[in-house]
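Working notes, structure below.
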Amino acid sequence: MEVGTRSTLNGRARHDDRWAVPLLQARRDGPAERFAGRLRGRHPATVFLAAVLAGFAVLSLISIALGLLVTDVLLDTGGLGRTDESAVKSLVAERTPFLTDASEVGSTVGGAPLLPILVGAIALVCAMLRKWRIAAFAVFVLVVESATYRVTSLAAPRDRPHVHRLEDLPADASYPSGHTAAAIAVYVGLVLLLTSRFPTRALRICAWAVAILIPVFVALARMYRGMHHPLDVGGGVVVGIGALLVLLFACRAAGAAHEARSPDAAKRAPARRAKPVA
Numbered sequence: 003m004e005v006g007t008r009s010t011l012n013g014r015a016r017h018d019d020r021w022a023v024p025l026l027q028a029r030r031d032g033p034a035e036r037f038a039g040r041l042r043g044r045h046p047a048t049v050f051l052a053a054v055l056a057g058f059a060v061l062s063l064i065s066i067a068l069g070l071l072v073t074d075v076l077l078d079t080g081g082l083g084r085t086d087e088s089a090v091k092s093l094v095a096e097r098t099p100f101l102t103d104a105s106e107v108g109s110t111v112g113g114a115p116l117l118p119i120l121v122g123a124i125a126l127v128c129a130m131l132r133k134w135r136i137a138a139f140a141v142f143v144l145v146v147e148s149a150t151y152r153v154t155s156l157a158a159p160r161d162r163p164h165v166h167r168l169e170d171l172p173a174d175a176s177y178p179s180g181h182t183a184a185a186i187a188v189y190v191g192l193v194l195l196l197t198s199r200f201p202t203r204a205l206r207i208c209a210w211a212v213a214i215l216i217p218v219f220v221a222l223a224r225m226y227r228g229m230h231h232p233l234d235v236g237g238g239v240v241v242g243i244g245a246l247l248v249l250l251f252a253c254r255a256a257g258a259a260h261e262a263r264s265p266d267a268a269k270r271a272p273a274r275r276a277k278p279v280a
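In this text, residue positions in the sequence shown follow our numbering: the first is 3, and each later residue adds one.
Structure, rendered in structure tokens:
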């Protein structure tokens with residue numbers, strides 16, 4: 003019975019190792035572990051949500067500050083506003099039926115309904131496999147990105163480019179580019195998780211090439227369609243990367259909280275606290 007139990011446990015450990023994502027493991031005594039320590043005894047889900055809310059608050063403040071810097075300062079400095087506008091007009095001047103169709107594909111790749119469906123499918127599969135942190139990462143990285151985009155566009159409204167726009171969206175929600183931010187948050191986020199398990203450098207290079215090209219394609223498509231300026235795209239890059247950092251931190255904190263509640267935690271704690279004998 004003991005041998006059978008050990009085999010079962012070893013089998014589970016090997017299965018868990020196959021799904022382990024090193025990127026989501028908290029560094030010993032790092033910020034995520036210290037954050038979890040401040041909420042000692044709390045359920046990992048509670049620690050995760052606390053970290054997400056704290057990260058969202060910080061990211062929103064940064065994004066709003068950058069938005070106000072753009073709308074209230076940079077656009078009136080040295081003709082930057084005219085340059086920002088003329089870049090979009092140059093793209094619009096090159097419109098052709100083929101490029102217009104391609105831009106629609108780019109908008110679809112970086113927005114609804116494709117991204118929510120993709121994220122939902124990933125989360126559902128991971129939930130069925132009981133890989134809760136991966137599922138939470140997939141869902142909440144898009145939630146944090148979307149919420150940050152929304153509060154920023156409300157706090158720092160900016161008119162969309164003064165060109166013929168190919169979509170009927172609110173005219174004063176140009177900053178930041180939500181599609182660009184979402185493409186970075188989802189596609190780069192997925193590649194971050196996947197490449198930590200890829201065995202060869204060639205696969206990692208190919209995956210990263212795709213992860214970079216998709217947001218670039220989306221950003222160009224949004225400007226071509228007259229929906230955003232280059233500075234708006236830059237703001238989207240900040241929001242997308244920020245959402246990734248928030249979710250990495252939250253998942254690591256949740257993992258640290260889970261480890262602290264494990265039976266082995268009490269055995270490891272004294273060893274870490276022990277001081278060397280003089």
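For glycine and all other residues, C-beta sits at the position ideal for the given N, C-alpha and C. Note that this is a predicted model, so its numbers are computed, not measured.
Answer yes if the segment 254-265 comes into contact with the segment 23-34, meaning at least three C-beta pairs across the two stretches below 8 Å, and no otherwise.
-> yes
Tell me, please, whether the CB atom of residue 52 is closer than 8 Å to any CB atom in chain C?
-> No chain C appears in this structure, which consists of one protein chain only.
Would you kindly report the start and end of the unbroken alpha helix (DSSP H) that includes residue 206?
-> 203-226
Residue nearest to residue 107 in terms of C-alpha spacing, selected from 60, 220, 151 | 220
Nonlocal neighbours in the same chain, by C-beta distance under 6 Å from residue 38, ignoring five residues either side | 49, 255, 258, 259
Excluding five sequence neighbours on each side, which residues of the same chain lie with their C-beta closer than 6 Å to the C-beta of residue 128?
-> 136, 137
Quick one: using the 10 Å Cβ neighbour count with 16 as the cut-off for buried, is residue 248 buried or exposed?
-> buried
Across which residues does DSSP place residue 160 in a beta bridge pair?
-> 175
Can you find at least 3 beta carbon pairs, one from the segment 175-186 and one from the segment 84-100, that sit closer than 8 Å?
-> no
For residue 249, which three-state DSSP category applies?
-> helix
Residue 166: buried (16+ other C-beta within 10 angstroms of its C-beta) or exposed?
-> exposed
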